[in-house]
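Quick note: the sequence shown, position 277, residue 279 per the numbering used here, numbers continuous. Every residue gets a Cβ at the ideal spot worked out from N, C-alpha and C, and that includes glycine.
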Amino acid sequence: MMEDWTKEFIIQRLLAISLLVVLFILCFQVGRFFIIPALWAAILAYVTFPIYTFFHKKVRLSSSFSAAIMTVSIALIIGVPLVIGLFVLQQEALGLITNLIYRVKMGYVDVPDSIKDLPIVGRQVKDILSQINENPEGTLEVVRAWIQSHLYYGKVALDVVFSNLAKLGMALMTLFFFYRDGTSLIRQIRQALRNIIGNRIDGYIDSVGTTMRAVVYGIGLAALAQALFAGVGYYFSGAPSPILLTMVTFVVALIPFGAPFAWGAVSIWLLSQGHTTEGIGLALWGMLVISWVDNLIRPMVISGATKIPFIIIFIGVLGGLTAFGFVGLFIGPVVLAIGLAVWREWISQHKGEVFAPKEVLLTDNQVQPPVSDNTLDSDNRTEVNRAEDGR
């Protein structure tokens, strides 16, 4: 009877686990498109939740109205620069293409002499320019044919753009519910994890929160500061579209050591256009000011707040970027922070239990361990003392 009951119990458990696995797979298939938007919404909601609390608790607005205010504000903060950037980029691209077509038709396509005089490639550049200027119509026809044969890539690019816009809209919609129901959701997640891991989950959650806030603030403030200083450099060096270049620098600067690629490219472009003084000045400004700001803000904000070595944060940022995409900039450090918290807890709880020597207990049938000379001397002295006491 006990054996039959055990078999039935095991079968029921296996069926329950199988159903849970199937349910998890189905849920993942249904919601995998929304995982990345939900992660972005969770990051934004957690970092800005104190502002929501101010509207809800201090100003005494309803939870829905406070969530709506925050969602609209975040949408404007993200959407307005995005629309302005796309508009400026469109105007710049249109002007560049129009100017290039005009130069091709006039047979006057040229590059600075510094590029023509480059070793190895300089001669090839001269030959290509000579062919373009000698046959403008043929060049335009080749360009048209190339564009016609690569229209598929344009469709792929449009699909990517619309997909990201859809994810942005989904993230903003999810953000509203995270604001409104975030406290209840966190309470349920905390209780569920406590049921599995125990009360130690509270420390892990606190570590996640501290790391997330420090990483977002550290990366965001460092990127913003670098972009602003770079914008000043773009403006005084006479670079085209300094506002657009500042926005691009901010996005690139979110990646560690990414800002030099932005201002460095502009500096090289200025040098190629013959603006030697401006190009060198921008390069010096970037090395002495922009990079210095990054080296100051990022370690101070992140490592100072989390008490985590900056190398761990650095590996988490780059590793997360490689594994999860752009959202991995914030997920990677959090994952490593949790791992570090588990490691520190294990070390503190089991300190001295792994490699510490333990007392060896031998039975009468076991051979005694070798005794050192100091031990023998001690035993001899003990025997002498006993003999003297006997006398």
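In this structure, the CA atom of G124 is about 12 angstroms from the CA atom of D112.
Boundaries of the alpha helix (DSSP H) harbouring K128: 123-136, taken from the DSSP string. In the three-state reduction of the DSSP assignment, K118 falls in the helix class.
With a threshold of 16 other beta carbon atoms within 10 Å, G334 meets it and is buried.
Counting C-beta pairs closer than 8 angstroms gives three or more between the stretch 283-303 and the stretch 206-224, which meets the contact rule. Note on H58: 16 or more other CB atoms within 10 angstroms of its CB, so buried under the neighbour-count rule. Listed in chain order, the alpha helix (DSSP H) runs fully inside the stretch 259-307 are 261-274, 278-287, counting runs of at least 4 residues. Taking 7 angstroms as the cut-off, the Cβ atoms of R182 and A77 do not count as close.
Where A241 is concerned, there is no enclosing alpha helix (DSSP H), because DSSP gives it neither an H nor an E.
E280 counts as buried, since no fewer than 16 other beta carbons sit within 10 angstroms of its beta carbon. For I79 and L230, the gap between their C-alpha atoms comes out near 17 angstroms. Secondary structure of K309 (DSSP, three-state): coil. Cβ contact annotation for R105 (same chain, cutoff 7 angstroms, sequence separation greater than five): V111, in chain order.
Between T73 and I37, the alpha-carbon positions lie close to 19 angstroms from each other. Residue nearest to P138 within the set G200, T50, L102 is L102 (criterion: CA-CA distance). Shown here, G184 sits in a helix according to DSSP, grouped into three states. In this structure, the straight-line span from the alpha carbon of Q93 to that of S132 is close to 29 angstroms.
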